[in-house]
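Each residue of the sequence shown is one higher than the one before, starting from 120 at the first, in this note's numbering.
Note that CB positions come from ideal geometry on N, CA and C, so glycine has one too.
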Amino acid sequence: MTAIYSRIIGTGSALPERVLTNADLEKFVDTSDEWIRTRTGIRQRHVAAEGQTTGDLALAAAERALAAAGVKASELDLIVLGTTTPDLVFPSTACLVQHRLGANGCAAFDVNAACSGFVYALGVADKFIRSGQSKKVLVIGAETLTRMVDWSERETCVLFGDGAGAVVLEPSGEPGIYATCLHADGGFKELLYNPVGVSAGFRDEPNHGVRIRMAGREVFKVAVKTLDALVGETLEAAGMHEADIDWLIPHQANLRIIEATAKRLNMSMDRVIVTVDQHANTSSGSVPLALDYAVRSGKVQRGQNLLLEAFGGGFTWASALLRY
Ligand code: UT7
120 MTAIYSRIIG TGSALPERVL TNADLEKFVD TSDEWIRTRT GIRQRHVAAE GQTTGDLALA
180 AAERALAAAG VKASELDLIV LGTTTPDLVF PSTACLVQHR LGANGCAAFD VNAACSGFVY
240 ALGVADKFIR SGQSKKVLVI GAETLTRMVD WSERETCVLF GDGAGAVVLE PSGEPGIYAT
300 CLHADGGFKE LLYNPVGVSA GFRDEPNHGV RIRMAGREVF KVAVKTLDAL VGETLEAAGM
360 HEADIDWLIP HQANLRIIEA TAKRLNMSMD RVIVTVDQHA NTSSGSVPLA LDYAVRSGKV
420 QRGQNLLLEA FGGGFTWASA LLRY
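Right under this line is the structure:
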């Protein structure tokens with residue numbers, strides 16, 4: 120029997136209009152463009168307008184991905200959306216987007232794997248296609264992370280931005296996604312988390328205590344080590360070698376982490392898609408935003424092999440190796 124692979128047949132992305140540069144940040148928080156650029160590679164980030172939600176960005180990215188794929192929303196039989204900043208507690212943002220697209224009736228759910236959300240969602244969607252359950256799948260990564268940022272906290276507020284990306288998948292006899300690897304270790308919760316929630320309760324603090332807590336230096340070290348092992352595992356799962364990879368499309372948290380992963384793969388930086396300078400860390404949005412940029416700029420071509428990877432709160436880490 121011919122193997123069923125999931126193939127990406129369209130990509131899309133969306134960013135809020137408002138751009139906040141490092142120079143803008145210098146005006147209200149004790150930081151500098153020089154510090155942000157040299158420590159992270161970030162030059163600017165996009166920030167959602169008041170009232171603009173994760174679902175709004177997800178919808179715009181999804182519409183662009185569907186148009187690129189030539190697929191009507193009514194043809195979708197599954198929507199999986201990675202986010203850690205959903206519009207509402209429930210319904211899921213996937214359900215809200217499904218209705219706004221006019222795809223009512225298909226399965227739709229969110230995946231919360233923090234910054235690994237999109238790659239997790241892609242891994243889940245791939246299994247639905249490989250099992251024969253789904254034929255047209257929309258996978259989205261979307262965030263309004265700046266809603267969880269305390270703009271007086273320089274350790275975190277300079278790092279994050281808002282945005283969304285999406286892909287449409289369909290089954291194919293040709294690759295396609297060769298392998299996905301998904302992992303988590305909840306033992307690292309204290310290094311990267313948001314301390315409040317519906318069940319744990321909120322606090323009598325600004326924004327009800329909703330804010331990102333991160334031990335940056337420790338997260339950095341574990342991220343580099345973990346991604347190093349992850350890319351090796353992914354190549355092995357796909358039966359491939361470093362030289363088979365045309366493009367690395369990494370999670371965009373820190374240019375220094377991206378460079379370390381590229382070095383591990385013996386890849387020069389001109390084969391790595393970098394958008395962290397423009398978008399900062401958009402969590403689940405980061406990999407699909409980078410992928411869509413790579414496709415629309417003409418860098419990534421049909422038939423090339425792409426390695427997608429992400430690392431985030433949980434900790435979670437995940438990868439996908441695919442032929443575009
Ligand atoms: O996407 C999910 C996963 N997240 C990540 O992968 C993030 C991983 N971590 C990182 O990217 C880096 O650790 C950071 C960018 C967060 C921090 O960079 P670092 O090189 O690890 O800096 P640091 O935390 O060790 O801080 C160095 C110094 C400190 O001052 P002292 O103690 O040396 O005097 C900080 O107070 O930099 C100071 N600092 C700042 N200075 C200016 C921290 N934030 C800022 C800032 N502007 N925004």
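Could you give the first and the last residue of the continuous beta strand (DSSP E) run that contains Arg-126?
Taking the first residue of the sequence shown as position 1, residue 126 is located at position 7. 124-133 is the span of the beta strand (DSSP E), which, as asked, contains Arg-126.
Applying the criterion that 16 or more other CB atoms from any shown protein chain within 10 Å of the CB defines a buried residue, is Arg-390 buried or exposed?
As a working note, residue 390 is residue 271 in the sequence shown. With fewer than 16 Cβ atoms within 10 Å of its Cβ, Arg-390 is classed as exposed.
In chain order, what residues of the same chain have a beta carbon less than 7 angstroms from the beta carbon of His-165, not counting five sequence neighbours either side?
Here residue 165 corresponds to residue number 46 of the sequence shown, with the count starting at 1. Same-chain partners within the cutoff: Leu-134, Pro-135, Arg-137, Val-138, Gly-280, Asp-281, Gly-282, His-398.
Whose CA, out of Ala-362, Pro-314, Val-406, Lys-340, lies closest to the CA of Gly-328?
As a working mapping, residue 328 is identified with position 209 in the sequence shown. Out of Ala-362, Pro-314, Val-406, Lys-340, Pro-314 has the C-alpha closest to the C-alpha of Gly-328.
Collapsed DSSP secondary structure at His-302 in the structure displayed
Residue mapping note: residue 302 aligns to position 183 of the sequence shown, counting from 1. Three-state result, His-302: strand.
Are the CB atoms of Ile-296 and Leu-441 within a distance shorter than 7 angstroms?
Mapped onto the sequence shown, residue 441 falls at position 322. Mapped onto the sequence shown, residue 296 falls at position 177. Cβ distance < 7 angstroms, so Leu-441 and Ile-296 count as in contact.
Is Asn-400 a contact residue of the ligand UT7, with contact defined as CB to any heavy atom under 6 angstroms?
For the purposes of this step, residue 400 is taken as residue 281 along the sequence shown, with counting starting at 1. The answer is yes for Asn-400.
When the distance is taken between beta carbons, is Ile-392 closer than 7 angstroms to Ile-368?
Numbered from its first residue, the sequence shown carries residue 368 at position 249. Numbered from its first residue, the sequence shown carries residue 392 at position 273. Yes.
Taking only the alpha-carbon atoms, compute the straight-line gap between Leu-408 and Arg-322 and give it to the nearest angstrom.
For this step, residue 408 is matched to residue 289 along the sequence shown. For this step, residue 322 is matched to residue 203 along the sequence shown. If I take the Cα positions, the gap works out to 33 angstroms.
Counting only the same chain and skipping the five closest in sequence on each side, list residues whose C-beta sits under 6 angstroms from that of Asp-269.
Translated into positions along the sequence shown, residue 269 becomes position 150. Taken in chain order, the residues that qualify are Arg-330.
I'd like to know whether the C-beta atoms of Leu-288 and Ile-248 end up nearer to each other than 7 angstroms.
Along the sequence shown, read from residue 1 onward, the residue named residue 288 stands at position 169. Along the sequence shown, read from residue 1 onward, the residue named residue 248 stands at position 129. Yes, the pair counts as a contact, with Cβ atoms nearer than the cut-off.
Residues that Ser-438 bridges to, as DSSP identifies them
Within the sequence shown, the letter at position 319 stands for residue 438. Bridge partners of Ser-438: Cys-300, Glu-428.
State buried or exposed for Asn-373, treating a residue as buried only when at least 16 other CB atoms are found within 10 Å of its CB.
Here residue 373 is taken as the residue at index 254 of the sequence shown, counted from 1. Label assigned to Asn-373: buried.
DSSP bridge partner residues for Phe-237 (one or two, in chain order)
Against the sequence shown, residue 237 aligns to sequence position 118. Phe-237 is not bridged to any residue.
Is the distance from the Cβ of Gly-284 to the Cβ of Ser-132 below 7 angstroms?
In the sequence shown, counting from the first residue as 1, residue 284 sits at position 165. In the sequence shown, counting from the first residue as 1, residue 132 sits at position 13. The answer is yes: Cβ separation under 7 angstroms.
As a quick exercise: from Arg-266, Met-359, Asp-396, pick the residue whose alpha carbon is nearest that of Glu-169.
As a working mapping, residue 169 is identified with position 50 in the sequence shown. Ranking the options by Cα distance to Glu-169, first place goes to Arg-266.
Say the cut is 6 angstroms; is the CB of Asn-373 nearer than that to a heavy atom of the ligand UT7?
Your numbering for residue 373 matches position 254 in the sequence shown. Flag set: Cβ of Asn-373 near the ligand UT7.
Below 8 angstroms on the Cβ atoms is my contact criterion, and I expect Gly-129 with Ala-184 to pass it. Report the Cβ-Cβ distance as a whole number of Å.
Taking the first residue of the sequence shown as 1, we reach residue 129 at position 10. Taking the first residue of the sequence shown as 1, we reach residue 184 at position 65. With 8 angstroms as the limit, Gly-129 and Ala-184 qualify as a contact, their Cβ atoms being about 5 angstroms apart.
Short of 6 angstroms in beta carbon distance, which residues of its chain neighbour Ser-405, apart from the five on each side in sequence? Order them along the chain.
For the purposes of this step, residue 405 is identified with residue 286 of the sequence shown, where counting begins at 1. Excluding residues within five positions, the ones whose Cβ falls inside 6 angstroms are His-370, Gln-371.
In whole angstroms, give me the CA-to-CA distance for Gly-189 and Leu-257.
Within the sequence shown, the letter at position 70 stands for residue 189. Within the sequence shown, the letter at position 138 stands for residue 257. If you take the alpha carbons of Gly-189 and Leu-257, they lie about 13 angstroms apart.
Can you confirm whether Met-388, when its beta carbon is compared against all beta carbons of chain B, has any partner nearer than 7 angstroms?
Looking at the structure shown, chain B is missing, and only one protein chain is on hand.
State the Cα-Cα distance for the pair Cys-225 and Val-208, rounded to the nearest angstrom.
Within the sequence shown, residue 225 is the residue found at index 106, counting from 1. Within the sequence shown, residue 208 is the residue found at index 89, counting from 1. If you take the alpha carbons of Cys-225 and Val-208, they lie about 20 angstroms apart.
Would you mind reading off the limits of the beta strand (DSSP E) that contains Leu-410?
If you number the sequence shown from 1, residue 410 lands on position 291. Per DSSP, Leu-410 belongs to no beta strand (DSSP E); it is in the alpha helix (DSSP H), 405-415.
Can you find a heavy atom of the ligand UT7 that lies under 6 angstroms from the Cβ of Thr-150?
Along the sequence shown, read from residue 1 onward, the residue named residue 150 stands at position 31. Thr-150 Cβ: within cutoff of the ligand UT7.
Going by beta carbon distance, what residues of the same chain come within less than 7 angstroms of His-305, once the five residues before and after it are set aside?
Start at 1 with the first residue of the sequence shown, and residue 305 comes out as number 186. According to the sequence displayed, residue 305 carries Gly and not His. Gly-433, listed in sequence order.
Would you mind stating whether Ala-233 and Thr-435 have Cβ atoms separated by less than 7 angstroms?
Mapped onto the sequence shown, residue 233 falls at position 114. Mapped onto the sequence shown, residue 435 falls at position 316. Yes, these two residues count as a Cβ contact at 7 angstroms.
For Phe-147, count neighbouring C-beta atoms within 10 Å of its own C-beta (all shown protein chains included) and say buried if the count is 16 or more, exposed if not.
For the purposes of this step, residue 147 is taken as the residue at position 28 of the sequence shown. Looking at its Cβ environment, which holds fewer than 16 other Cβ atoms inside 10 Å, Phe-147 is exposed.
Quick one: does the C-beta of Trp-436 sit closer than 6 angstroms to a heavy atom of the ligand UT7?
The residue given as residue 436 occupies position 317 in the sequence shown. Trp-436: no, Cβ never under 6 angstroms from the ligand UT7.
Using the three-state DSSP reduction, which class does Asn-108 fall into: helix, strand or coil?
Past the edges of the chain, shown from 120 to 443, lies residue 108, and the structure says nothing about it.
Cβ-Cβ distance between Glu-262 and Thr-353 below 7 angstroms
Taking the sequence shown and counting its residues from 1, the one referred to as residue 262 is at position 143. Taking the sequence shown and counting its residues from 1, the one referred to as residue 353 is at position 234. No; because the gap between Cβ atoms is not below 7 angstroms, this pair is not in contact.
Consider the C-beta atom of Arg-162 and the heavy atoms of the ligand UT7; say whether any pair is separated by less than 6 angstroms.
Here the question's residue 162 lines up with position 43 in the sequence shown. Because no heavy atom of the ligand UT7 lies under 6 angstroms away, the Cβ of Arg-162 does not count as near it: no.
Starting from Arg-164, trace the beta strand (DSSP E) in both directions and tell me its first and last residue.
By one-based count along the sequence shown, residue 164 stands at place 45. Counting along the chain, the beta strand (DSSP E) containing Arg-164 begins and ends at 163-166.
Is Val-414 near the ligand UT7, with its Cβ less than 6 angstroms from a heavy atom?
For this step, residue 414 is matched to residue 295 along the sequence shown. Val-414 Cβ: outside cutoff for every heavy atom of the ligand UT7.
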